[in-house]
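Numbers in this note's numbering are just positions in the sequence shown, counted from 1, shifted up by 359.
Working notes for the structure below.
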Amino acid sequence: MSNPGDRGVVWLGSPSFPDAAREALKNTQLRANLKRATSTIRDKRLTVAAELDDWEALRDSAAAIKKRTARHLDRYLVQLEQSVTAAGGTVHWAADAAEANRIVTDLVRATGEQEVVKVKSMVTQEIGLNEHLAEAGITAYETDLAELIVQLGDDRPSHILVPTIHRNRTEIRDLFTARMGEWGQPAPDGLGDDPAELAEAARLHLREKFLTAKVAVSGANFAMADTGTVVVVESEGNGRMCLTLPETLITVMGIEKVVPTWSDLEVFLQLLPRSSTGERMNPYTSSWTGTTDGDGPQDFHLVLLDNGRSDTLADTVGRQALACIRCSACLNVCPVFERTGGHAYGSVYPGPIGAVLTPQLVGVDGDIKSAAASLPFASTLCGACYDACPVKINIPEVLAHLRAEVVEAKRTSERLPTAEAVAMKAAARVLDSPQLLAAAQKAASLGGRALARRGRIGRLPGPLHGWSDTRDTPAPPAESFRTWWRKNKEGER
360 MSNPGDRGVV WLGSPSFPDA AREALKNTQL RANLKRATST IRDKRLTVAA
410 ELDDWEALRD SAAAIKKRTA RHLDRYLVQL EQSVTAAGGT VHWAADAAEA
460 NRIVTDLVRA TGEQEVVKVK SMVTQEIGLN EHLAEAGITA YETDLAELIV
510 QLGDDRPSHI LVPTIHRNRT EIRDLFTARM GEWGQPAPDG LGDDPAELAE
560 AARLHLREKF LTAKVAVSGA NFAMADTGTV VVVESEGNGR MCLTLPETLI
610 TVMGIEKVVP TWSDLEVFLQ LLPRSSTGER MNPYTSSWTG TTDGDGPQDF
660 HLVLLDNGRS DTLADTVGRQ ALACIRCSAC LNVCPVFERT GGHAYGSVYP
710 GPIGAVLTPQ LVGVDGDIKS AAASLPFAST LCGACYDACP VKINIPEVLA
760 HLRAEVVEAK RTSERLPTAE AVAMKAAARV LDSPQLLAAA QKAASLGGRA
810 LARRGRIGRL PGPLHGWSDT RDTPAPPAES FRTWWRKNKE GER
């Protein structure tokens, strides 16, 4: 298990969510792009999910599989290692980001290559692999169209499924024209902003990389413990090129991505495409088991990454977040994400799932204004994310749980009780004593009527003004219910 100080999740150190969101809300183009994209994906998802009579049963099954896997994660990971090794692969264990980066860098160096092609992978973004490889003189080329756009623009992904959801096609055309030549084949002259033209420009640019690269780096959507099979699902075919053409394949996978058996995959391959892209199945579902002579990469390495996941697993409420299959359904229904975008979350994992996963991966301290500690408060707790989640992660429950942890960490770090804690302790004392309660009610009645004008109390004093600034506060009655009862009903007992 790694120490919190040793973990690494890219981007943290950026402004807290309230500060970042305040700036994002000023960007009207961003909000228009987000609204258009999320509403389109959301509607498609609802349509294809409604086609299945057993949609809720599939969600129940997926949730049960994930819970069973979490309970016995140690056993399934050991079984996965044995299966991969028996199939000709090599398994490496990484406690944190630094160790994972060192393992991958050493593996690439051992091949003598200075370039790698990459399949879209959130976990390698989590550990900052591209930046670490660059420091070692190794260039990583993103091959997913959206990730290519992010790389060319020195940008950051803003969505789990659609990393460039914050950009429109005109912006992408301008970026291709200006930057593509710096990374390889330049964009064609006179490139327009038609999606087909942009896709063709990317295809021509990436083709030479696919045909010359000797090393590929991928993430993993799932890995089956019983067979050692690893699965990547994608929509463009770039992943298939990376997974089959190079001589060496290095897969970096969070330990939570393991599932017990090959048959379990059936459930997730029905839920994932419908929840993510609104499709009935992924255009490309690639699976491989170790190595095969004369077919595909001849050297396969699987790096199993912890990076805070063991600590998350120890939290009986927070561990739900590890069930995430990265479908992005929660982002597409979240009213907060739709208005702020993913960059405001300061993490590779944006939206509701990022608000519960990131703080657990990196840990939270007593500074409620820090990037990680502010994330559990980046929600209205409307519950739309829970309704949309294909594996039934109760995100609102985890958000509330983490909010309490942040507040407790703040109290502990300051070694002073919070105002809320003092108020609750005083309330408990009063409510536990009939005499004190009667005295408090009488004092509140007298004080409230002294402040009242025409049956209403104006602006309340001190920190209570936040209540009275937005609503009318009625004056308390002349006598309490307890007093009235004693006068009129006491003898009826």
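All C-beta atoms in this analysis are idealised placements derived from N, C-alpha and C, irrespective of residue type, glycine included.
Since the model is a prediction, treat every value here as computed from it, not as a measurement.
A check of alpha carbon separations from P554 across R528, P547 and G543 identifies R528 as the nearest. Classified as buried, L761 has 16 or more neighbouring CB atoms from the shown chains inside 10 Å of its CB.
Cβ-Cβ distances below 7 Å link C689 to G710, P711, I712, C744, A747, C748 and I754 in the same chain, with the five nearest sequence neighbours on each side left out; the list follows chain order. The beta carbon of L631 sits closer than 8 Å to those of N580, V592, N641, I684, C686 and P749, all from its chain and outside the five residues before and after it, given in chain order. A contact is defined here as three or more CB-CB pairs under 8 Å, and the segment 691-705 fails this definition with respect to the segment 650-662. For P516, the closest C-alpha among the options E494, N489, A495 and Q484 is that of Q484. Boundaries of the alpha helix (DSSP H) harbouring T529: R528 to W542, taken from the DSSP string. Distances from the CA of P377 to each of T607, D585, S729 and Q800 were compared; the closest alpha carbon is that of S729. Segment contact: the segment 475-483 against the segment 600-608, three or more CB-CB distances shorter than 8 Å; contact assigned. With at least 16 other beta carbons inside 10 angstroms of its own, E458 counts as buried.
Scanning S804, A809 and L507 for the CA closest to the CA of R841 turns up S804.
DSSP places H660 within a strand segment (E or B) once states are collapsed to three.
P833 carries a strand assignment under DSSP once its states are collapsed to helix, strand and coil.
Across the set D465, T832, R770 and E838, the C-alpha of E838 shows the shortest separation from the C-alpha of A799. Annotation for K568: the continuous alpha helix (DSSP H) segment containing it runs P554 to T571. For T444, the uninterrupted alpha helix (DSSP H) segment begins and ends at L432 to A445. The residue among M600, L734 and V692 with its C-alpha nearest the C-alpha of S373 is L734. The alpha carbon of L384 has as its nearest neighbour, out of P545, S827, A782 and T699, the alpha carbon of T699.
Going by DSSP, S669 is part of the alpha helix (DSSP H) stretching over R668 to L672.
In the structure shown, the three-state DSSP call for Y500 is strand.
Annotation for E474: the continuous beta strand (DSSP E) segment containing it runs E474 to K477. R639 is the residue among D674, S772, R639 and L466 whose C-alpha sits nearest the C-alpha of R404. Scanning A423, F736 and L790 for the CA closest to the CA of E764 turns up F736. When rounded, the separation of the alpha-carbon atoms in A408 and S646 is 25 Å. With a cut-off of 8 Å on Cβ pairs, the segment 583-591 is in contact with the segment 613-621, counting three or more such pairs. The three-state reading of DSSP puts G713 in helix, counting H, G and I together.
Looking at the DSSP output, F581 bridges to V590.
Annotation for D724: A732, A768 and S772 place their beta carbon closer than 7 Å to its own, counting only its chain and skipping 5 residues before and after. Between T502 and N386, the beta carbon gap of about 29 Å keeps them out of contact (Cβ cut-off 8 Å). As computed with DSSP, T610 is found in a beta bridge with S577 and L661.
Contact between A453 and L664 holds, since their C-beta atoms are separated by about 5 Å, short of 8 Å.
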